[in-house]
Amino acid sequence: MSRSHLFIITLLGFCSLCSSQSPTKCPLDFNVLRRLAEGSRPSDKVADQCLLILQGLRLVQSDYLRRTNKFLPPLSSAESCWKDYQGNFDQLGNSFDIRSTCGFETQWIAEGCQNITTREEYESRNSRNALNGVSQACNQSLNGAPCATCTTSLSALLPSDVKGEKVGNVSDCTAFKSIYAAAFANSYGPTDRGTAECLFALTFDRSNKDESRRKILIGVFSGIGGLIIVVGVCGFLWFRKKKIERAKRKEEITKKWTELNSSALDSISGSTTLIKFSFDEIQEATKNFSRLNIIGKGGYGNVYKGVLPDGTEVALKRFKNCSAAGDADFSHEVEVIASVRHVNLVALRGYCTATTNFEGHQRIIVCELMKNGSLHDHLFGSDEKKLSWPLRQKIALGTARGLAYLHYGAQPTIIHRDIKGSNILLDDDFEPKVADFGLAKFAPEGATHVSTRVAGTMGYVAPEYALYGQLTERSDVYSFGIVLLELLSGKKALLEIDEDQHTLVADWAWALVRTGRPLDVVEEGIPELGPPDVMEKYVLLAVLCSHPQLYARPTMDQVVKILDSDLPVPMIPERPIPITAAIDDIEKSVSTMNSGNLSTYSGYQPYIDNSAPNTPRL
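Convert by adding 596 to the 1-based position in the sequence shown; the result is the number in this note's numbering.
Written out as structure tokens, the structure reads:
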């Protein structure tokens, strides 16, 4: 036999061996998810199921990371992993294909955050203080309040998501934070129900366990003598009848109570991270709402300083004139604050709903205490000590990051609608926290704007919203621009020209920028002034954000990048000639704003921009 024949035979044998090899086995253990989900009934909505499938995958990845110190399976095992997941999913009685229905690509399961694949690579991106902080906050049973503490600590981990760098709709840097925390920061591990519910929003129905326990009891009773069985059955039927009667009476009482009180409060109980305080606990924390404990006032009521039994100092926002009609607003604010967690957003600790004979309806929100008060206090309060330039930079960047999270990190998007100095609180380190979500709106996915009744504070409301009720994320950008101008200039949103006339701080700043004097906007006497080019950059950005034309303003993501890098401020388009409004006109505008019709708002002069003929411009 020739050498060439021998080579061909050998090659054919080798190819036959290659074709007979099975695909790489998936190293992910989907049984951990199946054991947790066993007996639970999945949602009937495909969108809900896709979200649960995604969160379930992240829990399985956390188990894999805990076992192997690797975040992701090899790319060669991607197909096998999806098939394993599909098999486990089919056992729950579902029939749709995971990948095609939810839009998952096969390779996405093996691709992740910024090419990070191992625990060592992830930890190298973070400081030891940040990792220790997460470990300290999360290494406990994550039921109730500890969950909020743990998830809040995750915001300190890096890297954060950068727009456009997500891997499809499967992996992102935010998910890696929860995957890492469940794997190493919590000794219970990802297979613990509390951990799964807190870090992956996975809840499992335990009704089948109760059913199994009932069957066991029935089996025990069935082994006893006939007479005992008869007596037991009769007793059971009698007890069940009485229980049903009591349940019906209770249901009738509850129904009547619900008719007298808003049903909106029911939705709050859906959050597992909030503590519902009793009214007695609130009274004890505030020393029975002592006047000495009042740290803030508003149209909604008072804010009190309080101390919880564990020694934690908190702020308690007590709504006045509460009624069934006002419960919807209270419920809305609680749900908004509870749905977002970010280092630059005020964290909600809990709430209190009660009705007493002497106090009537009580609706109270419990938040973390900001000992440095609000930005408005430091700019316009009695304290003569001015904020230094580094602190002003820190406040500007932190506030921008908080708003960017509301617009692009929260799902669905949240538009705050009332950004102003008094709603930006400062902690011990002057880290800003955006607060007061009473007017916040959820923006439907894909919607270009929300048409709604106008609300907010005069001087901070964007023109397109004030005039046409057209609410977008850039309405918040306008308000941020006004606050940034206040922060830079030390002047209020509405400037007094004389006793009878006022003008907008944005118009005043634009007049200086237009004539080549941007640094004249910066307040005199600021300690530790920054480089002139940096201060000028902040002024130009503030003027751009507060531009009356909607399309001219940047997004909050762009604002963060400009503030946090060397990126220049884009060219500022021309704007209408500033208009000064008489105080009588301003008061009329306030009245009009409260009625929801701002077509006569005198602070702005509308005009049509021919570059976008179908969009009203201001």
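Glycine is no exception: its CB is placed at the ideal position from the N, C-alpha and C atoms.
- In summary, I1020 is buried, with 16 or more beta-carbon neighbours lying within 10 Å of its beta-carbon over all protein chains present.
- A direct Cα-to-Cα measurement between R715 and K666 gives close to 6 Å.
- With three or more CB-CB distances shorter than 8 Å, the segment 1113-1125 counts as touching the segment 970-986.
- Secondary structure within the segment 913-997: the beta strand (DSSP E) runs of 3 or more consecutive residues, fully enclosed, are 944-952, 956-964 (chain order).
- If you draw a 10 Å sphere on the C-beta of I840, you find fewer than 16 other C-beta atoms in it, and that means exposed.
- Unbroken alpha helix (DSSP H) stretches of 4 residues or longer found wholly inside the segment 1105-1159: 1128-1141, 1152-1159, given in chain order.
- Put simply, the segment 900-920 touches the segment 870-881. At least three CB pairs are less than 8 Å apart.
- Apart from the 5 residues on each side of it in sequence, D1032 sits with its Cβ closer than 7 Å to the Cβ of D1014, N1019 in its chain, given in chain order.
- Straight-line spacing of the CA atoms in W1104 and G699 works out to 50 Å.
- For the set H1012, H1143, Q1007, the Cα lying nearest the Cα of L1081 is the one of H1143.
- The alpha-carbon separation between S756 and R997 amounts to approximately 12 Å.
- Ranked by how close their Cα comes to the Cα of T748, the residues V1079, L941, G1086 have L941 in first place.
- Taking a C-beta distance under 8 Å as the contact criterion, V1073 and V1155 qualify as a contact pair.
- When beta bridges are read from the DSSP output, A911 appears opposite K901, C963.
- In this structure, DSSP gives T702 a helical state, which the three-state scheme calls helix.
- By alpha-carbon distance to C769, the top candidate from L668, S731, N739, F835 is L668.
- Sorting V1118, A1039, R1110 by C-alpha distance to the C-alpha of Y1004 places A1039 at the top.
- DSSP places T791 outside any beta strand (DSSP E); the residue lies instead in the alpha helix (DSSP H), whose first and last residues are 789-796.
- C-alpha of Y1064 to C-alpha of Y776: approximately 46 Å in a straight line.
- Taking each of M1167, R654, Y681, S658 in turn and checking the Cα distance to F626, the smallest one comes out for Y681.
- Assigned with DSSP and collapsed to three states, V1050 falls in coil, not helix or strand.
- Look at Q657 here: in three-state DSSP terms it is helix.
- At least 8 Å separates the beta-carbon of V730 from that of L754.
- Around the beta-carbon of T791, 16 or more other beta-carbon atoms lie within 10 Å, marking it buried.
- Around the C-beta of Q732, fewer than 16 other C-beta atoms lie within 10 Å, and the residue is accordingly described as exposed.
- Distance from the Cα of S935 is smallest, within the candidate group R959, P1008, G956, S676, for P1008.
- In the structure shown, P742 falls within a helical segment according to DSSP collapsed to helix, strand and coil.
- Of R1070, L1022, H938, the smallest CA-CA separation from T1151 is found for R1070.
- For K1087, the secondary structure class from DSSP, reduced to helix, strand or coil, is coil.
- When only Cα atoms are considered, L1136 and L912 end up about 38 Å apart.
- Look at T799 here: in three-state DSSP terms it is coil, with no helix or strand label.
- The beta carbon of D1153 lies closer than 8 Å to those of K759, A1000, H1003, Y1004 in the same chain, with the five residues before and after it left out.
- Looking only at T1111, Q1066, Y1061, A1138, the smallest Cα-Cα distance to A1089 is reached by A1138.
- Within its own chain, the residues whose Cβ lies closer than 6 Å to the Cβ of R988, once the five positions on either side in sequence are excluded, are L1083, listed in chain order.
- Between N917 and Y900, the C-beta gap is not smaller than 8 Å, which leaves the two residues out of contact.
- Burial check for Q703: the Cβ neighbour count within 10 Å stays below 16, so the residue is exposed.
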